[in-house]
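Trainee:
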Amino acid sequence: MKESKAPSLGRTPAQKFFDKWQGLFYLIPWIIGFVVFKAIPFGQSLYYSFTDMDFFNGIHQYGIMNYVDAFTTPKITKA
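Residues 410 to 488 in our numbering are what the sequence shown spells out, letter by letter.
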């Protein structure tokens, strides 16, 4: 009797795509959480630290002067 093999079905393009990018799919929730809860707040606080924000008069750009004032004020240097 002659042996016959079943034809191999192979992998579909969708299965190949998932196998190739499977690790990234598991990282996407972490990446979204990192961006929403870490990167955006850090960027906003860095931006606000270079401004003088007043809810009634808006935002005034001061640049590095906030840091210069903070580190040259006599009350701060004595502490």
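We treat Cβ as the ideally placed atom computed from N, Cα and C, and that holds for glycine. Here the structure is a predicted model, which means the values were calculated and not measured.
Considering Cα atoms alone, identify which of Asn475, Thr460, Met474 is closest to Ile468.
Mentor: Thr460
Trainee: Tell me, please, which residues DSSP counts as bridged to Gly467.
Mentor: Asp463
Trainee: Going straight from the alpha carbon of Ser454 to that of Lys447, what length do you get?
Mentor: Going from the Cα of Ser454 to the Cα of Lys447 covers about 11 Å.
Trainee: In whole angstroms, what separates the C-alpha of Asp478 from that of Asn466?
Mentor: 21 Å
Trainee: Looking only at its own chain, which residues have a Cβ that is under 8 Å from the Cβ of Arg420, when we skip the five neighbours before and after it?
Mentor: Asp428
Trainee: With a CB to CB cut of under 6 Å and the five nearest residues on each side skipped, what residues in its chain are close to Gln470?
Mentor: Thr460
Trainee: DSSP three-state call for Ile485: helix, strand or coil?
Mentor: helix
Trainee: Between which two residues does the alpha helix (DSSP H) containing Ala423 stretch?
Mentor: 422-443
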